Structure formats: C-alpha cells, structure tokens
Amino acid sequence: MSKSTPEAEAVIVKWLKARYQDYVEVLLELYLQNGEEAEQSTALTLLMRLVKQDLQDEDDKAAKKTLEKLVSRLLLLPEGSSTREEFGEKYLQVYDDIRFYTFEAIASIFSSHQDSSSLPLFTTNTLTLLSPLTNPPTTPSSITSFHGPPPPSKSHLLSHNAHKTTAQTTWLALLRTPLTPAHRKTLLTLLTPSILPWLTRPELLMDFLTDSYNAGGSTSLLALSGLFYLMRTKNLDYPSFYPKLYSLLDADLLHSKHRSKFFRLLDVFMSSSHLPAALVASFIKRLSRLSLLAPPAAIVVVVPWAYNMFKRHPACTFMLHRENHAAGYVDPFDMSEADPTKTRAIESSVWELETLAGHYHPNVATLAGVLGEQFTKRGYEVEDFLGMGYKTIIDAELAKDIKKAPVIEYEIPRHIFTSEEEGELSTLGTLMGKVFESR
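When the letters of the sequence shown are read in order and numbered with our numbering, they come out as residues 5 to 443.
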C-alpha cells in the first residue's frame, strides 16, 4: 500500500489485514493449540499455506511473523505431538527457507522466554524438533528447495554460511538457557550428529563442554567426544583432561550403559605414543583392578584394550613381567590417588589380569591368558568386543554343539522325603522334620 493509495481503499486494506491476523490467531489458538489431532493437522496445513502466500507476495516480514507464532505454539504442544512431528517432516526438513526462518524464530522465542515457566517444555520440544537436522548446506548450489519462490541470487537465503550462522545462533541461545540434567545429556548426545555440523565457531561450546565434563558421572562420559574434538581441532587448552578422564574410571563405569561409547573414545584418547608411561600405566592398572568385579562383557573389552596399550607403550610391559613377590607384599599402586602420573602403577604389576586367566567364563579366561604369551599379534580391534552382553554370551553357549553329553541324574527317584526302605526318612526328610519341630 503506497502513499498514493486513496484513503477509502487504505481503510479497507487495513481492515482486511486486521481480519487476516484474526484468522491466523483463530487457527493458532482455537485449533492448533487446543484442537484435536486432526484439527491441529488441518490448522498446520492452512497456516503454512498462508506463509507460502506471504512469501509469494514478497511479504517476508509477514511470513516470518506468522511462522514464529506457529513455531511458538508447536513448541508448547505436549511431548510426542504428532503435529510438531508433521511440521518437521513436511516442512522443516524439506524446505531450506523454512528451516532458515525456523532457526530464526526459535532463537527469538528463547531470547524472550528466559523467565517463562514453559521454558523446560520449550527446550525439550526444540531438541526433538531440531535433532533430525544433521546435514547443513555446504555450498550455495546445495540450497535448492523453497516453500516460497526462489530468492534473488544475492539473497542471504542462498548463502550456506548464513544458514550455518543462523543455526549456530539458535543452538547457542538454547545452551544459554537454564538446562536440566536431562536436557544437558540430550544436548551432549546430539552434539556430534546435529549440532557441531552447523557451527562455524565450535570453540564457542568450550564453556558448555567443560562444565559438562566437570559434572561427573554419565554427563562427563557424554561430554568426552565434544571436548576432545575441540582439543584436537581448535587447540583447546584443558590440562586436566586426562586426570578427569582417569577419575571416570570408577566401579560404575564397567556396568554403565555408556560403557561401549566410553571405550570407543578411550581407545582414541590413549592412541598417542607420546603419552607418559606413568599415565598409561595408571589407566591400565585401574581398569585391571575394576575388572575383578566386572561382568564378563566388560572384561572382554578391558583385556584387549590393555593388550593394545602394552603394544603402543613398551615401557609399560614391565608390569607384565614383574616377578611375583613374597607373601605380605603390598602393591605400590595407590587406587585413591587422583593424579594418574602419581599412582605408582608403573612400579606395580597387572596381577589382576593374570587372576582373570582363572575366570569362570571360558572366553574371559582364554582372552586373559593371551597376556601371558608372546605379543605376536599386532593388536585387537576393540570395536569387535563392544557388542558383547549377557544375551550374546547365553546365545553363544546355547548355539554350541554338545560333543559330550553332560552328567545328569539319570534315575528318577521314587521318593523324596523317605528312603527306599519303607517307613524311614531320607536325609532330606530328616532335615525337614527338624525344621518343622523347631517351629
């Protein structure tokens, strides 16, 4: 509407725009937020048609305003909402312009809802909505799908860096919100597949990752990969990385559901041949000690990992060949020492792994016995042992061919509490009689 528009026409246009906004609000409030599932789906379709029409009319401001209201309502829907999932599958994950504007909308929503009681729900639903976005555009030519008309050649919508910058702003806005432990763990899980690919400056995650790493427990385990990524690619200085990593080796680790992920990362962290022998020896010794009380599925990971460490760090092999000491000898290894360079593990031995050679499970015993032989094998692929659990152990036992029939009771007794001679109690019967007499 230009300045030359007649006043009567201007009044009509203003009235029509007001009714248009009323229609949008009805769709949002009455149907999208409070309607049944089918009504929500219909409202979503109609609202996205309005967004498309605004884009075709080159009214980007109106389109973004409607989309922000829509996204805000979607994030207020209960967890597991099929309508929010529909928006993600039909629009967010399909159209480059909708994804760009949605990132902008979410950043705006979080900046204006910092003190809102709905913030935890916003955060949970945002993580669900954005987690499938794992492939950012890498070149302008990869930006080809639009809900509205294709933008001009110099539009920011055709800049892959603009897309990544907008996404980065959104993720950082989310990280600045008060996070519950569950939200923090979800973010750490999404870090590698869904967050890092979008960041133009991943070093901005340093504070979040160090805080998470210092939190302890499973949160520290989940922060490992992101923190190590920054150390390796961005030269992040974190001198307490290995002492903190060492502190994660506790009694719960080998029973944790994150055990496999931890050993994958540990194998990477300890791969450098330039690590001090005293530090490597502490990791070997501590895991060896913990393996004494670990399930078989964890032990079969520890042993090949230790084998690889001995191959990479020959200075630690003294722990294998140290002679047995007389009775009463005290192991110099200090399990309570927090600094892995001061535990005196290098002065000790791995008698724990030798003990495992007598383990009840034959796979564990056989694997542990390898450490007592010559190290002719180049190394083990730790990944090959990470999938083992009680189910795989039982399945493997049940699948074995029985070469020799097991010894069993082949004569079914006719009496349980009485002996074969009539009237006399058996040993079990006598014991049961004493039990009843004592009551």
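We put the beta carbon where it would ideally sit given N, CA and C, even for glycine. The structure displayed is predicted, hence computed values, not measured ones.
From the listed residues A219, L200, L249, the smallest Cα separation to G230 is found for L200. Here H317 is not near L371, since their CB atoms are 9 angstroms or more apart. Straight-line spacing of the CA atoms in W175 and P366 works out to 49 angstroms. CA-to-CA, the gap between L360 and L258 works out to about 15 angstroms. For T148, DSSP assigns no beta-bridge partner whatsoever. Contact between V354 and L324 holds: CB atoms are separated by about 6 angstroms, below the 8 angstroms threshold. A straight line joining the alpha-carbon of V334 with that of S352 spans about 10 angstroms. Judged by beta-carbon spacing, D343 lies within the 9 angstroms limit of P247, meaning their Cβ atoms are closer than that value.
Taking a contact as a CB-CB distance under 8 angstroms, the pair F104 and T170 counts as one, their CB atoms being some 6 angstroms apart. For V354, there is no enclosing alpha helix (DSSP H), as DSSP marks it with neither H nor E. Here DSSP, grouped into helix, strand and coil, assigns L429 to strand.
The beta carbon of L195 lies closer than 6 angstroms to those of G230 in the same chain, with the five residues before and after it left out. Going by C-alpha positions, K94 is about 23 angstroms away from S163. Taking a C-beta distance under 9 angstroms as the contact criterion, L133 and L80 do not qualify as a contact pair.
If you keep only unbroken alpha helix (DSSP H) runs of at least 4 residues inside the region 28-104, you get 41-60, 64-80, 86-91. Y250 counts as buried, since no fewer than 16 other beta carbons sit within 10 angstroms of its beta carbon.
In this structure, M210 sits away from L191, with a CB-CB distance that is not shorter than 9 angstroms.
DSSP lists L429 as the beta-bridge partner residues of T422. Across the structure, A409 and G393 are spaced so that their CA atoms are roughly 27 angstroms apart. Minimum Cα-Cα distance from H419 among the listed residues L432, R53, K407 corresponds to L432. In its chain, beyond the 5 residues on either side, S222, T223, L226 have a beta carbon closer than 8 angstroms to the beta carbon of K189.
Per the C-alpha coordinates, the member of N129, F337, R268, N165 positioned closest to S286 is F337. For K315, the three-state secondary structure derived from DSSP is helix. The beta carbon of F267 sits closer than 8 angstroms to the beta carbons of V305, W309, V386, L390 from its chain, once the five residues preceding and following it are set aside; these are given in chain order.
Note that the region 57-65 touches the region 150-160; at least 3 beta-carbon pairs, one per stretch, sit closer than 8 angstroms. Measuring C-alpha to C-alpha distances from Y384 to each of M339, F314, F440 identifies F314 as the nearest. Counting along the chain, the unbroken alpha helix (DSSP H) around Q172 starts and ends at 164-179. Taking the Cα positions, S115 is about 49 angstroms away from T396. At a Cβ-Cβ threshold of 9 angstroms, E356 and G376 do not count as neighbours. Using a Cβ distance threshold of 9 angstroms, A109 and S135 do not count as a contacting pair. Closest by C-alpha distance to T143, out of N165, L137, S149, S264, is N165. Take V307, set aside five residues on each side of it, and the residues of its chain with a beta-carbon closer than 8 angstroms to its own are S295, L357, L360, V368, L371, A372, V374, L375, in chain order. Taking a contact as a CB-CB distance under 8 angstroms, the pair L178 and T130 counts as one, their CB atoms being some 6 angstroms apart.
The DSSP-derived three-state label of D405 is coil.
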